[in-house]
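Residue numbers for the sequence shown follow the working numbering, beginning at 1 and rising by one. Beta carbons are placed, not taken as given, at the ideal position from N, Cα and C, and that holds for glycine.
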Amino acid sequence: MPSSDTAITALSGLLSDEGERITRLWSKRLRAETYEVEVPGRDLRAPLRHLLDELARLLEDRGEDAVRLWPEVVRSHGAFRYDQNFEPEDLTREFKSLQEVLLYVYARRNGGVIHADVAELVSELVWEADASAQASYARVLKTEEVRFREAAVMESVLNHVEVGILLAETDGMVSFATPPVSRLMGVPMRAVVGARATGSLGPVLTQVNARHPTGEPFKVQDMPFLRALREKAPVRGVMMQVERLGGGDATLEMSATPVWEEDHVLAGVIQTFSDRTEAAVKTKALENAHGEVRRLQGQLLRRTRQQALGQLASGAAHALNNFLNVLRLRITLLQREYKPEHVDALDKTVRNIGELVARLQEFSVQRTEERLGNVPVDQTVREALELARGELEQREHPVHTELDLGFPWGVKADAGFFRELIVNLMLSARDRMEGGGTLVVRSRPAGEDWLDLRIEDGGRPYAQDELAGLFDPLRRDPGAPQFSLFLAVARTQVQRWGGELTVENRRDGSGASFIVRLPRFREAPTGAPEPGAQPTAQPVGRMPRMPGRARRVLVVDDDLDNARMMAEVLGEEGYEVQVAHSPEVALHIWEKHPYDAALLDAVMPEMTGWELARELRQRTPQALLAIVTGMDVRGQNRASLAQVDAVFRKPIDVGALDDFLSQHRGEEEPAEHDTTH
1 MPSSDTAITA
11 LSGLLSDEGE
21 RITRLWSKRL
31 RAETYEVEVP
41 GRDLRAPLRH
51 LLDELARLLE
61 DRGEDAVRLW
71 PEVVRSHGAF
81 RYDQNFEPED
91 LTREFKSLQE
101 VLLYVYARRN
111 GGVIHADVAE
121 LVSELVWEAD
131 ASAQASYARV
141 LKTEEVRFRE
151 AAVMESVLNH
161 VEVGILLAET
171 DGMVSFATPP
181 VSRLMGVPMR
191 AVVGARATGS
201 LGPVLTQVNA
211 RHPTGEPFKV
221 QDMPFLRALR
231 EKAPVRGVMM
241 QVERLGGGDA
251 TLEMSATPVW
261 EEDHVLAGVI
271 QTFSDRTEAA
281 VKTKALENAH
291 GEVRRLQGQL
301 LRRTRQQALG
311 QLASGAAHAL
321 NNFLNVLRLR
331 ITLLQREYKP
341 EHVDALDKTV
351 RNIGELVARL
361 QEFSVQRTEE
371 RLGNVPVDQT
381 VREALELARG
391 ELEQREHPVH
401 TELDLGFPWG
411 VKADAGFFRE
421 LIVNLMLSAR
431 DRMEGGGTLV
441 VRSRPAGEDW
451 LDLRIEDGGR
461 PYAQDELAGL
471 FDPLRRDPGA
481 PQFSLFLAVA
491 RTQVQRWGGE
501 LTVENRRDGS
511 GASFIVRLPR
521 FREAPTGAPE
531 PGAQPTAQPV
541 GRMPRMPGRA
551 RRVLVVDDDL
561 DNARMMAEVL
571 GEEGYEVQVA
581 HSPEVALHIW
591 EKHPYDAALL
601 DAVMPEMTGW
611 ELARELRQRT
621 PQALLAIVTG
631 MDVRGQNRAS
641 LAQVDAVFRK
651 PIDVGALDDF
661 LSQHRGEEEP
671 AEHDTTH
């Protein structure tokens, strides 16, 4: 709606009379909103004054046309802010701050009154300016991302995270190392990279006086990547102490993971270095997130990984960096002054990191066989959208998604493959909508026994001959083979589940619809659980019964900080807690006096948590046993799951853990707890 002449005159006069003041307040407000952007005060204020001067000139000379012309002036501002390391959210905050400052100064000038037509004019100008700057920013970003997407992800994960990463070939030669390796070891990079470990690392370890925590010299053969090459299995939690060149000791934690080609041929090993010298309880959640990122990085290094995961990596890294930044800032505030809201915010951010990492783990897990079960359709669609949202919306012409879900049941399918199918269909639809638009996802019952899941894009409708050959992987049309091969594989997959994947043009002529039709899940008569089920804090085996609450708890974890933190939290809840840092120590403690319950880390060097659970179950059948892990446990078989009573995913929910340990409280709990069994 065009603004009135009165509003234009009022705003023009305000800018002419109060321009310097508005610029100063705007700059101050922007500095408070974007304090992490390192821009000098004068450099921050100059472009703001230029924008206001241009707006004042347009309002005075062109009147109502200023609403149309000012966005053209602002357009280059988005590219300018990109060069200053602003984020898109910072641009939005910048113009939102302008709106607040203009209305604030106007109100003060007019006795606290803001006229509706002036507020409407300010809102329209700010909205148009923000949209224009965002478009300019997005064009620059799009130009850069094609060339730098992979480099940006690798740079962010490998260099900006304070974790050293070393790559070793199958012959033991160290072919690559990130700068943190040199800093943590205290030696030049050339001393580590470019030669076989047996010849180059020996002098390095001697130079830094490398030794085990027990004081024994650390030999080349003890390096985790060489052990992983020999054993063809992961090696985790190896501790090494070194002397820094400037003085003082440092303790490093190292882990190694073999990298396999698709044909199960060993390609090499990735080893990580972490500085554990000054590890603190409050930063442990951050380090756990780093560990999950390292495991995901192992998947990203596989050349043949699905294209969809590569597309999602940049969005996931951006989200993780945001979460980690929030954690670091909150910890800084806690160090200055304790406030309960900081602790609540930390807990919320850790939960968000855990949810994001869990979704990425489920998407990126290398599956070799399908595990059919009851897959909730509408929930899976929402999870798929969360994974794909960044790739859909972070473009010059974003694709927005409209969910129209009406199938509150499940289908018989593999949960991971079904989620990947939906993500790939969404990303394929996005590629057809180069100008942006709305992607509609609908789920509806088809009769009593079938699901119809429709993914409706707004791209160009297919010609009839294109529809006929769309699922043919041998099509010769440019750009068609890759998409057609995916569709052919996807249709075969859906057919194995007893369904069908088809495509048709939308009736209104606005695009095409891919339809996934699957049979509705029906409970098996026996009600047997699927072997691939992965509970987070639910019973998974036969539940023993105890006469009262589990009070004496053994925590077994080779990660010292994790174990101590768990013990401290449970101690605050009233439990008597003993910590064991290895399965061997845990068995020794248990032999002396069995505990009511044990919380076991899933991955430990000497023995897995599953194997330890089997040993403890044989010794004390009535004890409560739970696995605590940050890994995906769907690969565990029924025999392993039957050894434990619950599985908890990291970051752990303390309330659920307390409920688990308290679930056998009797109605008449004794006043004094008897620790004899």
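If you draw a straight line from the C-alpha of residue i to the C-alpha of residue j, how long is it?
i	j	result
Glu341	Asp559	28 Å
Trp70	Glu64	11 Å
Gly630	Arg29	41 Å
Gly437	Ala116	32 Å
Val204	Lys219	10 Å
Trp450	Val411	8 Å
Ala168	Leu226	9 Å
Thr23	Arg49	6 Å
Leu98	Ala490	50 Å
Val377	Ala598	36 Å
Arg302	Gly268	Bear in mind that a pLDDT of 40 at Arg302, under 50, signals an unreliable position, so the number given afterwards is only what the model happens to contain. Whole-angstrom Cα-Cα distance: 11 Å.
Gly532	Arg371	Caution applies to Gly532, whose pLDDT of 38 falls short of 50 and renders its modelled position unreliable; the value that the coordinates give is listed next. Looking at the two C-alpha atoms, the distance is approximately 6 Å.
Asp344	Asp414	36 Å
Val73	Leu51	8 Å
Leu439	Ile422	12 Å
Lys232	Met607	16 Å
Gly13	Val67	16 Å
Arg444	His400	21 Å
Asp90	Ala646	44 Å
Arg382	Ala512	21 Å
Val105	Val118	12 Å
Val238	Ser274	10 Å
Taking the continuous alpha helix (DSSP H) assigned at residue i, which residues delimit it?
i	result
Trp610	609-619
Pro180	179-185
Pro583	583-592
Ala388	377-393
Ser428	415-432
Asp465	464-469
Phe521	Element bounds for Phe521: n/a, residue is neither H nor E.
Pro188	No alpha helix (DSSP H) contains Pro188, which DSSP labels as neither H nor E.
Here's the rule: buried if 16 or more other CB atoms are within 10 angstroms of the residue's CB, otherwise exposed. What is residue i?
i	result
Ala10	buried
Leu403	exposed
Gly248	exposed
Tyr338	exposed
Gly258	It is Pro, not Gly, that sits at residue 258 in the sequence shown. That one is buried.
Gly509	exposed
Thr170	exposed
Val113	exposed
His581	buried
Gly459	buried
Thr690	It is not possible to answer for residue 690, since the shown part of the chain is limited to 1 through 677.
Arg496	exposed
Arg545	Low per-residue confidence applies at Arg545: pLDDT is 40, beneath 50, and the placement is therefore not dependable, though the value from the model is reported in the following sentence. Exposed, because fewer than 16 other Cβ atoms sit within 10 Å of the Cβ of Arg545.
Gln241	buried
Ala308	Annotation note: pLDDT 48 at Ala308 (below 50); position unreliable, no value reported.
Gln643	buried
Val265	exposed
Taking only three categories from DSSP, how would you classify residue i?
i	result
Glu573	coil
Phe660	helix
Phe176	strand
Thr170	coil
Phe273	strand
Ile331	helix
Ala79	helix
Ala626	strand
Arg551	coil
Asp601	strand
Ser510	coil
The beta strand (DSSP E) with residue i in it runs from where to where?
i	result
Leu403	399-405
Trp26	From DSSP, Trp26 is part of no beta strand (DSSP E) but of the alpha helix (DSSP H) over 5-33.
Trp260	249-260
Glu456	450-456
Met239	235-243
Arg725	The chain is shown only over 1 to 677; residue 725 falls outside these bounds and no answer can be derived.
Thr214	It is not in any beta strand (DSSP E) - Thr214 carries neither H nor E in the DSSP assignment.
Arg649	646-649
Glu500	500-505
Alpha helix (DSSP H) segments (min. 4 residues) lying fully within the segment 85-115 = 88-109
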